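Last residue of the sequence shown: 1204 in the working numbering, with the numbers rising by one and none dropped.
Virtual Cβ for every residue (Gly too), placed ideally from N, Cα, C.
None of the values given here were measured: they were computed from a predicted structure.
Heads up, the thing below is written out as structure tokens.
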Amino acid sequence: MGHTFKFGLFGIIERGNNTCWKNRNISMSWTRPFLVQCPVQFPFSLWNKTRVLLTHHYCYLRHSPLSNSMAEEGVISLQEWQGWGTTSPFPTMVAQIVEDLKVLEEDLDAHMSFGGNGGKLLGDFRIQEDKRHRATYQALGDSEKKLQFYSARQIACRILGSRGYLCQKCWLPMEDCMCSKVTSCALYPGMRFWLYMHPKDFLRQNNTGKILWQVFGVDAATLCIFGIPEHEEIMWNSFKMAGKSNVWCLYPNKSAVLKSVQNAFGQEAVASEIASSKLKVDTIQHFILIDGTWSNSAAMFRRLQDKAKSIWGDEDLACISLNPGASSMHRLRPQPSWDRTCTAAAAAGLLSELQLIPQFSSIGLDKQEEAVEHALTVLLDALTKRRLRMGRSITRKMRHTNIR
Ligand SMILES: [Zn+2]
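Here it is as structure tokens:
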């Protein structure tokens, strides 16, 4: 699996013998916050930029069904909402923003259209909507409301801009859907992942957090979008029931108590009374994966810790750091830090390290790790194919429009 990816990737880089790709300053980091020790730029970030380049160039104009005269089509149903990878109720504020967009369409007698990936509004409608949403944002009293509005608007636009274009399960354009190649697998019932996702990562093609619920299902790997109260409430209710000692954050925070997987679940810890119940089916261990860019993840982490303090008092949530050398992907691949800087691979790394602890070696965590790695390879292959297919049409003109 590793080889497929490696050659795919190097294939792209070798194609870069034109000035467009080879000389590009790779400054746009795609890294995730799971490893601070190796801030190595990974060439995968090329994909991000080129995707932006390509989508902007070809300008996938997608008219929202809101543009149709049938107003009802503008409403996002509960079924549509949940189809994107969640079991939560449809967020009230997202519904409100969709409604407001619909009203704005009528007011302006202009059609709403979206371009690129991620639900960016286009044209005159965008200018008008921009004025309105900025005014709404400014008028909001406190920072909590501002965050909720910001997140809800992102989600509303991303859904409206992606419907009919992205596959709801894999978040890839339908012609690149990878779903048939992903093999699902049951996660060990004593574990649960929470994808604490920044709204800007929602419906991103190259997001890897989505892989986890594709493989393990939404009850074992659950999406929680930062600033969406309906999501955060579900997550925190689960944490409250589980108790603080069973909640872990995969985030290498220097000021927090950092534990290695061995420390948290290995022999030392198992000797203590509290940890003796760790990783048993009847006590679910909750692992939070912060699914945002490095710059966004600091605020996300702070929000988690503030909430934890408000529930449990002063002590921080326990943070787990992964061992850079433990993952099988790391052994297979020459790339220095890729395997720990994307969200799905961090989950795979955790499974891999738990597998190494003798008392957990027989519960099939290695199979679950393999399932994640396989899905990750499938995603990378799909993105590579897409990019190469579109890359054929790159013209000289667009090479100069790639800076974001
Ligand atoms: Zn799909």
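Which of helix, strand or coil DSSP assigns to residue i
| i | result |
| --- | --- |
| His998 | coil |
| His933 | helix |
| Met974 | helix |
| Leu854 | Confidence at Leu854 is low in this model, with a pLDDT of 32, below 50, so the placement of that residue is unreliable and no value is reported for it. |
| Thr1083 | strand |
| Gly915 | strand |
| Ala1021 | strand |
| Ser962 | helix |
| Leu940 | coil |
| Arg1103 | helix |
| Lys969 | coil |
| Ala1118 | strand |
| Arg1211 | Look at the range of the chain in this structure, 801 to 1204, and you will see that residue 1211 is not part of it. |
| Leu1154 | helix |
| Phe993 | strand |
| Trp1112 | helix |
| Ser1060 | strand |
| Trp884 | coil |
| Asp1091 | strand |
| Cys1049 | strand |
| Leu987 | coil |
| Leu921 | strand |
| Val1015 | helix |
| Ile955 | helix |
| Cys979 | helix |
| Ala1042 | helix |
| Gly1164 | coil |
| Leu947 | helix |
| Arg1186 | helix |
Same chain, Cβ closer than 8 Å to residue i, five either side skipped, listed in chain order
| i | result |
| --- | --- |
| Asn823 | Any reading at Asn823 is ruled out, since the residue's pLDDT is 31, under 50, leaving its predicted position unreliable. |
| Leu1154 | Val1061, Phe1065, Leu1079, Phe1160 and Leu1165 |
| Gln954 | Gly919, Pro999, Lys1000 and Phe1002 |
Pair within 9 Å by beta-carbon distance, residue i and residue j
| i | j | result |
| --- | --- | --- |
| Thr1015 | Thr983 | Looking at the sequence provided, one finds Val at residue 1015 rather than Thr. Closer than 9 Å, so yes. |
| Ser1121 | Lys1059 | yes |
| Ala1042 | Ala1020 | no |
| Gln958 | Phe1002 | Note that residue 958 is Arg in the sequence shown, not Gln. Going by C-beta atoms, Arg958 is nearer than 9 Å to Phe1002. |
| Leu1165 | Tyr988 | yes |
| Ile1011 | Cys1049 | no |
| Leu921 | Ser913 | yes |
| Ile897 | Ala956 | yes |
| Gly915 | Leu960 | no |
| Lys1000 | Thr1093 | yes |
| Ala1099 | Val1047 | no |
| Ile1157 | Trp1036 | no |
| Leu1179 | Cys970 | yes |
| Ser877 | His998 | no |
| Met991 | Phe1087 | yes |
| Trp1013 | Gly885 | yes |
Cβ-based neighbour list, residue i, same chain, cut-off 7 Å, excluding 5 preceding and 5 following
| i | result |
| --- | --- |
| Ala910 | Asp924 and Phe925 |
| Leu908 | Phe925 and Gln928 |
| Met893 | Gln948, Phe949 and Ala952 |
| Ala1171 | Thr983, Cys985 and Val1015 |
| Ala1182 | Leu972, Asp976 and Met978 |
| Thr887 | Val1018 |
| Arg1131 | Below a pLDDT of 50, predicted positions are generally treated as unreliable, and Arg1131, at 42, falls in that range; no measurement from the model is reported. |
| Gln1168 | Cys985, Leu987, Tyr988 and Leu1151 |
Euclidean distance between Cα positions of residue i and residue j
| i | j | result |
| --- | --- | --- |
| Thr1177 | Asp900 | 40 Å |
| Thr1184 | Phe1065 | 37 Å |
| Arg1189 | Leu972 | 14 Å |
| Tyr1051 | Ala895 | 32 Å |
| Gln1085 | Lys902 | 43 Å |
| Arg1187 | Gln1105 | 39 Å |
| Asp1114 | Lys1040 | 15 Å |
| Ala1144 | Gly1009 | 5 Å |
| Trp881 | Gly1191 | 32 Å |
| Tyr937 | Gln948 | 10 Å |
| Pro891 | Ser1038 | 18 Å |
| Asn1123 | His933 | 44 Å |
| Glu1032 | Gln879 | 20 Å |
| Tyr996 | Ile1034 | 12 Å |
| Asn1063 | Arg1103 | 25 Å |
| Lys931 | Val875 | 23 Å |
Spatial neighbours of residue i in its chain, beta-carbon cut-off 6 Å, leaving aside the 5 residues before and after
| i | result |
| --- | --- |
| Pro889 | Glu1030 |
| Asn1007 | Asp1001 |
| Met974 | Cys967 |
Query raised in the report: Is there contact here, the region 965-985 with the region 1019-1031, by at least three beta-carbon pairs under 8 Å?
Result: Because the criterion of three Cβ pairs below 8 Å is not met, the region 965-985 and the region 1019-1031 do not touch.
Query raised in the report: Between the region 936-944 and the region 964-975, do at least 3 Cβ pairs fall closer than 8 Å?
Result: Not touching, per the Cβ criterion.
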